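Residue numbers (the working numbering): 10 to 162.
Ideal placement from N, C-alpha and C gives every residue a C-beta, glycine not left out.
Note that the structure is a prediction, hence the values are computed from the model and not measured.
Below is one structure, written out as structure tokens; the observations come after it.
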Amino acid sequence: MVDFWMLVSDWFMGLGHTYGVDPIIFGSIYVATIPFFWGSVAWIVRNARCGRSITLPASSTCFFMVAAYIYPFWVGENLPMWTYLVVGGCIAYCGITTLRKVRLAARASKCASALTTSSTTDDSTPHRSSLQVAPSKASSRRPVSARRAAHTA
Numbered sequence: 010m011v012d013f014w015m016l017v018s019d020w021f022m023g024l025g026h027t028y029g030v031d032p033i034i035f036g037s038i039y040v041a042t043i044p045f046f047w048g049s050v051a052w053i054v055r056n057a058r059c060g061r062s063i064t065l066p067a068s069s070t071c072f073f074m075v076a077a078y079i080y081p082f083w084v085g086e087n088l089p090m091w092t093y094l095v096v097g098g099c100i101a102y103c104g105i106t107t108l109r110k111v112r113l114a115a116r117a118s119k120c121a122s123a124l125t126t127s128s129t130t131d132d133s134t135p136h137r138s139s140l141q142v143a144p145s146k147a148s149s150r151r152p153v154s155a156r157r158a159a160h161t162a
């Protein structure tokens, strides 16, 4: 088992020497950007739920998604064409799945500030709770229960 690990390690490090890329730096960038990527995704979800612009958080998410791949493309030498295709496919797949997750999370609930009821302190307008039902003009109707009123309001 140790011989297999040494063989894989030598092959992996040999790729770095062949293409002029340090695999340790690539792996470090890849791992270091993971929390920032998920933080940016959470930022997108929060802004989408609250109806704010998602331009800056989406740009941040895209940057952290491709940050590790910028390094070999910038520093590497003689990278084969399949590398660009594989990385492009991975980026496209990650982008599509992230977009789906963000859309599902944004639809799941609304912003907490949008869910709170706003009350006016103006004396001319009486304060109404969101659970109260406005009195109807037809008084012949039977009274509505509090539970039903909460669902119909």
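Pick out whichever of the options has its Cα sitting closest to the Cα of residue i.
| i | options | result |
| --- | --- | --- |
| Val96 | Ala115, Met10 and Ile79 | Ile79 |
| Thr70 | Gly85, Thr106 and Gly36 | Thr106 |
| Pro89 | Phe45, Gly29 and Tyr39 | Gly29 |
| Val111 | Gly36, Ile100 and Ile63 | Ile63 |
| Pro32 | Arg116, Asp19, Leu94 and Phe13 | Asp19 |
| Gly36 | Asp12, Ala76, Cys59 and Val17 | Ala76 |
Would residue i be called buried (16 or more neighbouring beta carbons within 10 Å of its own) or exposed?
| i | result |
| --- | --- |
| Met10 | exposed |
| Asp132 | For Asp132, the predicted model reports a pLDDT of 48, less than 50, meaning its position is unreliable; a value from the coordinates is still stated below. Exposed, by the Cβ-count rule. |
| Ala57 | buried |
| Val50 | buried |
| Val54 | buried |
Near residue i, what residues of its chain come up, given a Cβ to Cβ distance below 6 Å and the 5 sequence neighbours on each side ignored?
| i | result |
| --- | --- |
| Trp52 | Pro66 |
Go through its chain and collect everything with a Cβ distance to residue i's Cβ below 7 Å, but skip five positions before and after it.
| i | result |
| --- | --- |
| Phe73 | Thr42, Phe45, Phe46 and Ser49 |
| Glu86 | Tyr28 and Gly29 |
Can you check the segment 25-108 for any alpha helix (DSSP H) of at least 4 residues that lies completely inside it and give the ranges in chain order? 32-41, 43-59 and 64-84
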